[in-house]
DNA sequence: GCTAATCATGGTAGCGCTACCATTTGTCTG
DNA sequence: CAGACAAATGGTAGCGCTACCATGATTAGC
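Chains as they are written, first to last, in this note's numbering: chain U, 35 to 376; chain Y, 35 to 376.
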């Protein structure tokens, strides 16, 4: 009784099965599903009924092969656990959840080589768009992006020379603004504490340095950094190092909020008054910054929006209308709180 | 001069180009890349040289279509920003980074319906394996998993009835252990504070309740929960609610570490002594728990290992040797710290 | 009223790869 | 040394879908 199935394939219904059941050509089924406007009302109804009855689901692999284009967004981030990128990725997911696009995330581990390798892998499937964190691609990675044959959005930062499109903000300005705030509040011996000094951290440091030099207060001994990945406990340790090096420290600009929280805890532990003896500023403005005691001043960045906007721009480009503005600076906002309120 | 390229396709080299250049059949190239052992040393060298020279990269879509199997791991998690799942996902990525497998993550937003939809999407590409968080799939989702035709690993929890394999631990035991620790330390009016009460949170609550009932101390007014997503600031708010409801509270078991941190901050703010007046226990043991002041007792869970082990089990199953032990309980560890040291 | 443009549909021929089934050669057994 | 068997290689025929190019039917234009 069972009709003979082809030897390969899992026996799932194919577009030909649907076409047969609906009494139309396979190509019409294909069109009914992808460009409903090009198929007459009548046939469309019949076809959708057949699709439903058979439980037909198009095979994305066959589709990608035939059309030389996979319905996949490739996303490259340097870390999955860093809340900053997690928020960007969340924005990307939320913006794509009602679209046919699937998402493939690559974790570069802050390595240019790994980024190139992943770009190669991603490129081989002809993705619909690529979203990559950062603007400091290796020459090889940049070439891969330029030849990807799809919209590319660089996110997290803005810069002068986009591969295609960019959504981010200026980390240098962010670092400078944070430092200037400490200076304006009256702090003088302001340290910089940073872990995992990736290019964006470097630019925040550059912003700090610019502000300190403008005030005639820069001293290299005020800077404490490490390549080790950032964490709250590391923030505590680095702060102790900084204090040992420079006991008269009266403020710190922390490269991120984890570090800032570690500093705050160490202040509690060592009975150092915040904001009286030490002012603390963080970066990113995670939720906990406003809850801590004292609450911590931080530079709010629009991470989720970076994700959603990058998708919107990529989708527009896919649809054929590239946004006029290819570089979008979403800015940042200094959130003044108790940790610098003296 | 230019040899005519086929009208479709991006003009990238194909397996036929490599075969021609190496002077062998296409199928031999295919084998040289996938099962090197089955091709003679000589040919293999020639083929790899041709691959290199042409810059050939296999098309994963064509491969998936021809072999009815995509080299993709589908991963389903309820949240991308929750550090707990981020760690699991990181373990998955690290274990798969040297393999040919790509990863596709789906975000279910804690919704069974969304989980079913994503399972449908993932299933349509015939993934090599599926890793899903949780054991409380809807009947529809469960059916999709059973018919996926690939290894399936349910992670985060263990339970009696796996679809295929399981890696996790008992949240009920975790909740009970945390609560018993508070009881043994002498706390009596112990509250439970939890946000986003997903099935795992419910079971931690059940563990709390079991311990409290065993001690004859359970009182429903000690329990404060909300379906709202968890955050540090929410922890603070819920703790205030809990105190308002039950001013004599002398301990809290927090459903996770964010909540615990919020509670700690509120204690600082309201000058409530920790651990003297209130004992605090968190869940998951994020890095910051050991750094906070006072440091916070928490139940350490092995999230990264859940990720790596789930991949190892899936890979073994793909290779044909399913692990004997299909359910692996990775347990947890109570980390006693200052917040309960009285 | 006749040609030209538009619309709705279908047939054919791949997309780039691998499963399946030869074929050839070399090696082992009795 | 014949027959059996394994190892190395290749040819063919799809996998399930869509791009491209017809085809016939309708409408528009002058």
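Even for Gly, the Cβ is constructed at its ideal location relative to N, Cα and C.
Q) Taking only beta-carbon atoms, is residue 265(U) less than 7 Å away from chain Y? A) Counted from its first residue, the first chain places residue 265(U) at position 231. Closer than 7 Å: yes.
Q. Quick one, which residues of the segment 79-104 of chain Y are near chain U if we go by CB-CB under 8 Å, in chain order?
A. 91, 92, 93, 94, 95, 96, 98, 99, 102, 104
Q) Based on Cα-Cα distance, which residue from 62(U), 123(U), 255(U), 252(U) lies nearest to residue 345(U)? A) On the first chain, residue 345(U) is found 311 positions in, with the first residue counted as 1. Checking every option, the nearest Cα to that of residue 345(U) belongs to 123(U).
Q.
What does the alpha-carbon distance come out to for the pair residue 371(U) and residue 332(U)?
A. For the purposes of this step, residue 371(U) is taken as residue 337 along the first chain, with counting starting at 1. For the purposes of this step, residue 332(U) is taken as residue 298 along the first chain, with counting starting at 1. The straight-line gap from Cα to Cα measures roughly 8 Å.
**Q.** Secondary structure of residue 78(U), DSSP reduced to three states
**A.** Looking up residue 78(U) in the first chain gives position 44. Three-state result, residue 78(U): helix.
Q: Would you tell me roughly how many angstroms separate the C-alpha atoms of residue 135(U) and residue 91(Y), rounded to the nearest one?
A: Stepping through the first chain from its first residue, residue 135(U) is reached at position 101. Stepping through the second chain from its first residue, residue 91(Y) is reached at position 57. Their backbone Cα atoms lie some 23 Å apart in a straight line.
Q | Rounded C-alpha distance that separates residue 102(U) from residue 360(U) | A | Taking the first chain and counting its residues from 1, the one referred to as residue 102(U) is at position 68. Taking the first chain and counting its residues from 1, the one referred to as residue 360(U) is at position 326. So the two alpha carbons sit approximately 26 Å from each other.
Q) In the DSSP assignment, what are the bridge partners of residue 190(U)? A) Mapped onto the first chain, residue 190(U) falls at position 156. Its beta-bridge partners are 202(U).
Q: Would you verify that the beta carbon of residue 123(Y) is, or is not, closer than 7 Å to some beta carbon of chain U?
A: To locate residue 123(Y), count along the second chain from 1; it is residue 89. With 7 Å as the cut-off, residue 123(Y) counts as an interface residue toward chain U.
Q) Can you tell me whether residue 120(Y) is buried or exposed, with buried defined as 16 or more other CB within 10 angstroms of its CB? A) Your numbering for residue 120(Y) matches position 86 in the second chain. So residue 120(Y) counts as buried.
(Q) Counting only C-beta atoms, is residue 120(Y) closer than 7 Å to chain U at any point? (A) Position 86 of the second chain, counted from the first residue, corresponds to residue 120(Y). It does: the Cβ of residue 120(Y) has a partner Cβ on chain U nearer than 7 Å.
Q: Could you tell me whether any Cβ in chain Y is nearer than 7 Å to the Cβ of residue 187(U)?
A: Sequence index remark: in the first chain, residue 187(U) carries index 153 (1-based). So no, residue 187(U) is outside the interface.
(Q) Just checking: is the beta-carbon of residue 336(U) within a distance shorter than 7 Å of some beta-carbon in chain Y? (A) As a first step, residue 336(U) must be located in the first chain, where it is residue number 302. Not one chain Y Cβ lies under 7 Å of residue 336(U).
Q: For residue 125(U), I'd like the list of residues in its chain whose CB is within less than 6 Å of its CB, leaving aside the five on either flank, ordered along the chain.
A: Here residue 125(U) refers to the residue found at position 91 of the first chain. Here the set comprises 338, 341, 342.
Q. With distances taken from CA atoms, which of 274(Y), 68(Y), 160(Y), 140(Y) is nearest residue 299(Y)?
A. For this step, residue 299(Y) is matched to residue 265 along the second chain. The option with the nearest alpha carbon to residue 299(Y) is 274(Y).
Q: If I'm right that residue 205(U) touches residue 228(U) with Cβ under 8 Å, what's the distance once you round it to whole angstroms?
A: By 1-based counting over the first chain, the position of residue 205(U) is 171. By 1-based counting over the first chain, the position of residue 228(U) is 194. Between residue 228(U) and residue 205(U) the Cβ distance is about 11 Å, and since that is not below 8 Å, they are no contact.
Q. Alpha carbon to alpha carbon, how far is residue 257(Y) from residue 276(Y)?
A. Stepping through the second chain from its first residue, residue 257(Y) is reached at position 223. Stepping through the second chain from its first residue, residue 276(Y) is reached at position 242. Their backbone Cα atoms lie some 8 Å apart in a straight line.
Q: Per DSSP, which residues does residue 383(Y) bridge with? Please list them.
A: No statement about residue 383(Y) is possible, as the shown extent of chain Y runs from 35 to 376 and does not include it.
Q) For a contact meaning CB atoms closer than 7 Å, what does residue 318(Y) contact in chain U? A) On the second chain, position 284 is the one that residue 318(Y) refers to. Under the 7 Å cutoff, chain U gives no residues; its nearest Cβ is about 13 Å from residue 318(Y).
Q: Count the other C-beta atoms from every protein chain shown that fall within 10 angstroms of the C-beta of residue 347(Y), then say buried if there are 16 or more, exposed otherwise.
A: Numbered from 1 along the second chain, position 313 holds the residue referred to as residue 347(Y). Buried, by the Cβ-count rule.
Q: Can you tell me which of the three DSSP states residue 246(Y) falls into?
A: In the second chain, residue 246(Y) corresponds to position 212, counting from 1. Note: residue 246(Y) maps to helix in three-state DSSP.
Q: Closer than 7 Å by beta-carbon distance: list the chain Y residues that pair up with residue 68(U), in chain order.
A: On the first chain, residue 68(U) is found 34 positions in, with the first residue counted as 1. Within 7 Å Cβ-Cβ: nothing; residue 68(U) doesn't reach chain Y, min ~15 Å.
Q. Mind checking if residue 321(Y) is an interface residue toward chain U, Cβ cutoff 7 Å exclusive?
A. Looking up residue 321(Y) in the second chain gives position 287. Any Cβ of chain U closer than 7 Å to the Cβ of residue 321(Y) would place that residue at the interface, and such an atom is present.
(Q) If you reduce the DSSP assignment to three classes, tell me which class residue 69(U) lands in. (A) Here residue 69(U) refers to the residue found at position 35 of the first chain. Residue 69(U) falls in the coil class under three-state DSSP.
Q: Pull out every residue of the segment 194-228 of chain U whose Cβ sits closer than 8 Å to any Cβ of chain Y, in chain order.
A: Taking 8 Å as the cut-off between beta carbons, none of the residues of the segment 194-228 of chain U comes near chain Y.
Q | Rounded C-alpha distance that separates residue 369(U) from residue 334(U) | A | In the first chain, counting from the first residue as 1, residue 369(U) sits at position 335. In the first chain, counting from the first residue as 1, residue 334(U) sits at position 300. Approximately 7 Å, taken between the alpha carbons.
Q | Alpha carbon of residue 320(Y) to alpha carbon of residue 288(Y), nearest angstrom | A | Residue mapping note: residue 320(Y) aligns to position 286 of the second chain, counting from 1. Residue mapping note: residue 288(Y) aligns to position 254 of the second chain, counting from 1. Distance between the alpha carbons of residue 320(Y) and residue 288(Y) is about 13 Å.
Q: Apply the 10 Å Cβ neighbour rule to residue 138(Y) and answer buried if 16 or more other Cβ atoms are within range, or exposed otherwise.
A: Residue mapping note: residue 138(Y) aligns to position 104 of the second chain, counting from 1. Residue 138(Y) should be labelled buried.
Q | Contacts of residue 158(U) in chain Y (Cβ-Cβ under 8 Å) | A | If you number the first chain from 1, residue 158(U) lands on position 124. In chain order: 91, 92, 93, 94.
Q: Quick one: give me the first and last residue of the alpha helix (DSSP H) that residue 95(U) is part of.
A: As a position in the first chain, residue 95(U) is number 61, starting the count at 1. Start and end: 94-101.
Q | Contact set between residue 127(Y) and chain U, taken where Cβ atoms lie within less than 7 Å | A | As a working note, residue 127(Y) is residue 93 in the second chain. Per Cβ cutoff of 7 Å: 114, 141.
Q) Are the C-beta of residue 138(U) and some C-beta of chain Y separated by less than 7 Å? A) Numbered from 1 along the first chain, position 104 holds the residue referred to as residue 138(U). Closer than 7 Å: yes.
Q: Alpha carbon to alpha carbon, how far is residue 73(U) from residue 153(U)? Give it in angstroms, no decimals.
A: Counting from one through the first chain, the residue named residue 153(U) turns up at place 119. Counting from one through the first chain, the residue named residue 73(U) turns up at place 39. Rounded to whole angstroms, residue 153(U) to residue 73(U) spans 38 Å at the Cα level.
Q) How about residue 377(Y) and residue 329(Y): are their beta carbons less than 7 Å apart? A) In this structure chain Y extends from 35 to 376, so residue 377(Y) is not present and cannot be described.
Q. Taking the alpha-carbon positions, what's the residue 352(U) to residue 161(U) distance?
A. Walking along the first chain from the start, residue 352(U) turns up at place 318. Walking along the first chain from the start, residue 161(U) turns up at place 127. If I take the Cα positions, the gap works out to 11 Å.
Q. Just by C-beta distance, which residues in the segment 285-304 of chain U are closer than 7 Å to chain Y?
A. 295, 296, 299, 302, 303
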